[in-house]
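Read in order, the letters of the sequence shown correspond to residues 1 to 341 in full-length UniProt numbering. Cβ coordinates follow ideal geometry from the N, Cα and C atoms, glycine included. Values in this document were obtained by computation on a predicted structure and should not be read as measured data. Here's the structure, in C-alpha cells; my notes come after.
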Amino acid sequence: MFKKLFGKKNNSENNNQQTQQIEKENNTTESEENKKEGFFSRLKKGLSKTRKGITEKVDVILKSYKKIDEELFEELEEVLITADVGVNTTMRIIEDVKDKVKERKITEVEEIRELLKEELKEILTEVDENISLNIEPSPAIVLVVGVNGVGKTTTIGKLAYRLKNEGKKVLIAAGDTFRAAAIEQLTEWSNRAGVDIIAHQEGADPAAVIYDGIQAAKARKSDVLICDTAGRLHNKKNLMNELNKIFRIVEREYPEATKEVLLVVDATTGQNAVLQAKTFKEACDISGIVLTKLDGTAKGGVVLAVQSELKVPVKLVGVGEKIYDLQDFDPDNFVEAIFSE
1 MFKKLFGKKN
11 NSENNNQQTQ
21 QIEKENNTTE
31 SEENKKEGFF
41 SRLKKGLSKT
51 RKGITEKVDV
61 ILKSYKKIDE
71 ELFEELEEVL
81 ITADVGVNTT
91 MRIIEDVKDK
101 VKERKITEVE
111 EIRELLKEEL
121 KEILTEVDEN
131 ISLNIEPSPA
141 IVLVVGVNGV
151 GKTTTIGKLA
161 YRLKNEGKKV
171 LIAAGDTFRA
181 AAIEQLTEWS
191 NRAGVDIIAH
201 QEGADPAAVI
211 YDGIQAAKAR
221 KSDVLICDTA
231 GRLHNKKNLM
241 NELNKIFRIV
251 EREYPEATKE
261 VLLVVDATTG
271 QNAVLQAKTF
281 KEACDISGIV
291 LTKLDGTAKG
301 GVVLAVQSEL
311 KVPVKLVGVG
321 EKIYDLQDFD
331 PDNFVEAIFS
341 E
C-alpha cells in the first residue's frame, strides 16, 4: 500500500503554526505591495525585457525612415521574428499591416506603431474560447500538464494561493510522482498557500494519486481540486497513455466537476515552447495555457506564436517570482504594457 501524505492533517502542531505564520506574512506582503503597485504596473514591470526586445527596436526603426516602403517592413519583420513571434505569425502581421496601410491610405511612418498594436490585439483576441479560468460552478478540477522545469509546481502553488484568497476551498493532488523532489516541492507550496495536499510516495502511479485526490475532494467538499501530472516528453506514447488513464479516472469518478486543463510553458524557451504545446495538444484536450517566466525574457512575442498557432487561449501569465505574480492574461493590457513608454 502506498504511503499517503495528507498535507496538514499529518503535520505536527509546530508545522501548522509555521504555515499560518507564512500565510500571514504572504497576505501582509501582498497587501502592502498592492498598495504600491496595481496589476497593470506589475505587468508592465514584468514585461520590461520584452518591451526592450520589441517596442524599443520598432521605435528605432520607425524613426530612421522618412517614408513607408518594403525595406521598412523587412526590418520590422526581423524584429518580430527575433522576439519569437514565429515566422508564420510574423508574416501574417506584416501582410495585414501592409493591407491596412493601403486601405487607409496611410503615409506617415509613425502611424505604423498603432497599426502594429492593433494587429497584435486582433491576434490575441481571435480565439473564441473564454480566456477566464473555467472553475465555475464548483466542484471544479484543474489538471495541470507541462514538461519538467517550466514552472508547473510554482504555478500550482500560486494558483492555489490565489483561489484560496478568493474564498475557495482548495485541495492539491501531487500526481507528478516521477520527478525527484516534486512531491516535497509541491508540499512546500501547499504549506505556503495554506491548502491541503494529497500525495503518494515517489514513483507511484500518477492516476492512483488523482483518484485519491478526487475522493478526498468529495469528502472534504472542496471547491477546486488542482492536479499536478507527470511531464515526460521523451516518450510521447507513454505520456499519452499516462494522461489518457488520468482523464478516464476523472471522467469516471468526477463527472459532475467543471474541468479545466492547463498547459504550462516557459516563455524563455521561445519556439521550443510552441513545439511542446503542440505535442501536449496531441496528447490531451488542452483548454488553456499558462505562460511562465515572462519577466525573464526579451522574447515575449512567444505569447502571439502560441495563441496564433495553437488556437488555444493563454489564460494566465507569470510575471515575477512572488506568490501573487500569477495574473489573468488580458490581451489589451499585454499589448499596452509592451508598447507603453
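The alpha-carbon of Ser340 is positioned some 15 Å away from that of Gly301.
Note on geometry: alpha-carbon atoms of Lys152 and Val145 lie some 7 Å from one another.
Each residue's CA atom was taken as its position, placing Tyr324 and Ile156 some 12 Å apart. Annotated three-state conformation of Asp295 is helix, per DSSP. Short of 7 Å from the beta carbon of Ala273, and not among the five residues preceding or following it, lie these beta carbons of its own chain, in chain order: Val265, Asp266, Ala267, Val302 and Val306. Annotated three-state conformation of Ile249 is helix, per DSSP. Scanning the stretch 26-114 for uninterrupted beta strand (DSSP E) segments of 3 residues or longer gives nothing; none is fully contained. Three or more beta-carbon pairs separated by less than 8 Å link the stretch 43-50 to the stretch 327-339, which places the two stretches in contact. Separation of Glu309 and Thr89 (C-alpha to C-alpha, rounded to the nearest whole angstrom) is 8 Å. Using a Cβ-Cβ distance cut-off of 8 Å, the stretch 239-250 and the stretch 281-290 are in contact, since at least three pairs of beta carbons, one from each stretch, lie closer than that value. Within the stretch 110-175, the complete alpha helix (DSSP H) runs of at least 4 residues fall at 111-124 and 152-165.
For Ala180, DSSP records no beta bridge to any residue. Here the stretch 202-216 does not lie against the stretch 104-111, with fewer than 3 beta-carbon pairs under 8 Å apart. Separation of Thr55 and Ile94 (C-alpha to C-alpha, rounded to the nearest whole angstrom) is 15 Å.
Taking each of Val170, Lys278, Ala337 and Trp189 in turn and checking the Cα distance to Arg220, the smallest one comes out for Val170. Residues of the same chain with a CB within less than 8 Å of the CB of Asp228, apart from the 5 flanking positions on each side, are Val144, Lys152, Thr153, Ile156, Ile172, Ala173, Ala174, Gly175, Asp176, Ala182 and Leu186 in chain order. Residue burial is scored here from C-beta neighbours: Asp69 has fewer than 16 other C-beta atoms within 10 angstroms and is therefore classed as exposed. Close CB contacts of Leu72 within its chain, under the 6 Å cut and outside five residues either way in sequence, are with Tyr65 (chain order). Ser287 is classed as buried because its beta carbon has at least 16 other beta carbons within 10 Å across all chains shown.
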